[in-house]
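Colleague: In my numbering, the protein residues as written are -14 to 320.
Structure (structure tokens):
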């Protein structure tokens, strides 16, 4: 089979090679991969920032969907022909994240999805909604589940609440769709006016171009008559957390889902205490959350936003598009 292997820590070291088709163990399934989608995490892996001590060569990319073509003798619930996606944290099936579970993440340390076939444990896969295409379903494991965890599990968004979403990346667009579905009013930020226009089409009530309004926290306070918003989906980390603390209402909830603007931050602790803010880091989600999200997607026929699709052989070009950051929606690769 064909597989893209990371042989060093730069994009030129992503090479297409031949590998043997893996065989499933007694509790495993063999999946013929149909599509994968890229996340910011994948860019960090390729650049050697996230996992600098990998045993190379390694197959990258965490998110993918495919068809089960073989299964082990002890597999009970997954059938040949089922269309499934892998859970990002393979050992996180329900409940809280436990120590050591992050050693089971797909796309390093465990093998990734950028290959024609992959073997996963039965417990590590979920069936995907029938109404989604392969490239749409491939975007669910990280971006979709993270947004669902933040807004529908950690503290469920309620009708009439105001949700501030930063950026128009994969997690942010899922969060926009889920918040609108919940009946919330969404304020969304971006540096790109074209992306803001597209976000309005998806249901955003208010858009803020942070190039034109860098003090967006004060703008949000003005919009809410000084009250602040009920929820903030913070993706910027160092670059945005201070303004998020200003923009949130008393007793509000900041969902920290990314750190695109830096990994280290100095917090205004008196402000955090005085406003009784709940600041919660969100690590993707477990299998139970994935399945709950899939039920909602199926019921309401929601579809992920896929901005660009590349053929398998052009995976390096897909990564380049991810690095450039100009795409509205997920970047997917079809096999």
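Positions of the beta carbon are idealized from the N, C-alpha and C atoms, including for glycine.
#1: Throw me the rounded Cβ distance for the residue 139 and residue 273 pair, which I believe falls under 8 angstroms.
#2: For residue 45 versus residue 31, is the C-beta spacing smaller than 8 angstroms?
#3: Any contact between the region 196 to 203 and the region 220 to 234? By contact I mean 3 or more CB pairs, one from each, below 8 angstroms.
#4: Assign residue 282 to one of three DSSP states: helix, strand, or coil.
#5: Measure how close the beta-carbons of residue 187 and residue 162 come, nearest whole angstrom, since I'm counting them as under 8 angstroms.
#6: Are residue 343 and residue -4 touching if we call contact CB-CB under 8 angstroms?
#7: Between the region 2 to 21 and the region 106 to 120, do three or more beta carbon pairs fall short of 8 angstroms?
#8: Residue 296 and residue 315 look like a contact to me (Cβ under 8 angstroms); what is the Cβ gap, rounded to whole Å?
#9: Taking C-alpha atoms, which residue in 177, 151 and 116 lies nearest to residue 281?
#10: For a quick check, are the C-beta atoms of residue 334 and residue 240 less than 8 angstroms apart?
#11: Indicate whether the contact test is met: 3 or more Cβ pairs, each with one atom in the region 245 to 265 and one in the region 65 to 83, closer than 8 angstroms.
#12: Return the residue from the list 172, 237, 210 and 8 that minimises the CA-CA distance to residue 185.
#13: Can you confirm whether residue -13, when its beta carbon is compared against all beta carbons of chain C, has any partner nearer than 8 angstroms?
#14: Indicate the three-state DSSP secondary structure (helix, strand or coil) for residue 196 in the structure shown.
#15: At 3 residues or longer, what runs of the beta strand (DSSP E) sit wholly inside the region 19 to 91?
#16: Name the residue from 7, 33, 39 and 98 whose alpha carbon lies nearest to the alpha carbon of residue 48.
#17: Our contact map puts residue 128 next to residue 159 with C-beta atoms below 8 angstroms; I'd like the distance itself, whole angstroms only.
#18: Buried or exposed: where does residue 215 fall if 16 or more other Cβ atoms within 10 Å of its Cβ makes it buried?
#19: Specify, as a first and last residue, the run of the beta strand (DSSP E) that residue 174 falls within.
#20: Short of 8 angstroms in beta carbon distance, which residues of its chain neighbour residue 26, apart from the five on each side in sequence? Order them along the chain.
#21: What residues match up with residue 259 in a beta bridge as DSSP calls it?
#22: What are the boundary residues of the alpha helix (DSSP H) that residue 0 is part of?
#23: Mark residue 170 as exposed unless 16 or more other C-beta atoms lie within 10 angstroms of its C-beta, in which case mark it buried.
#24: What are the start and end residues of the alpha helix (DSSP H) that includes residue 332?
#25: Using the C-alpha atoms, what's the distance from residue 227 back to residue 259?
#26: Is the beta carbon of residue 148 closer than 8 angstroms to that of residue 206?
#27: Quick one: give me the first and last residue of the alpha helix (DSSP H) that residue 227 is part of.
#28: Can you tell me the Cα-Cα spacing of residue 20 and residue 103, whole angstroms?
Modeller: Short version:
#1: Actually they do not touch by this definition, with Cβ atoms about 13 angstroms apart.
#2: A contact, by the Cβ cut-off of 8 angstroms.
#3: Segments in contact, yes.
#4: Reduced to three states, the DSSP call for residue 282 is helix.
#5: For a cut-off of 8 angstroms, the C-beta gap from residue 187 to residue 162 is around 6 angstroms, short enough to register as a contact.
#6: Here the chain has residues from -14 to 320 only, and residue 343 is not among them.
#7: Yes, the region 2 to 21 is in contact with the region 106 to 120.
#8: For residue 296 against residue 315, the beta-carbon gap comes to about 16 angstroms, at or over 8 angstroms, which does not count as contact.
#9: It is 116 whose Cα lies nearest to the Cα of residue 281.
#10: Summary: the structure shown does not reach residue 334, with the chain confined to residues -14 through 320, and so no result is reported for it.
#11: Taking a cut-off of 8 angstroms on C-beta distances, the region 245 to 265 does not touch the region 65 to 83, as fewer than three cross pairs fall below it.
#12: The option with the nearest alpha carbon to residue 185 is 172.
#13: The chain labelled as chain C is not found in the depicted structure, where only one protein chain is given.
#14: Three-state result, residue 196: coil.
#15: Runs found: 48 to 56 and 68 to 71.
#16: Looking at the Cα atoms, 98 is the closest of the given residues.
#17: Their Cβ separation, rounded to whole angstroms, is 5 angstroms, which keeps residue 128 and residue 159 in contact under 8 angstroms.
#18: Buried.
#19: It spans 170 to 175 - the beta strand (DSSP E) in which residue 174 sits, taken as one unbroken run.
#20: Correct list, in chain order: 35, 47, 92 and 127.
#21: According to DSSP, which records beta bridges pairwise, residue 259 is partnered with nothing at all.
#22: Where residue 0 is concerned, there is no enclosing alpha helix (DSSP H), although the beta strand (DSSP E) it sits in stretches over -1 to 3.
#23: With 16 or more other Cβ atoms within 10 Å, it is buried.
#24: Shown here, the chain extends from -14 to 320; a query on residue 332 therefore has no answer.
#25: Rounded to the nearest whole angstrom, the C-alpha separation of residue 259 and residue 227 is 15 angstroms.
#26: Result no, Cβ atoms of residue 206 and residue 148 do not sit closer than 8 angstroms.
#27: 226 to 232 is the span of the alpha helix (DSSP H), which, as asked, contains residue 227.
#28: If you take the alpha carbons of residue 20 and residue 103, they lie about 12 angstroms apart.
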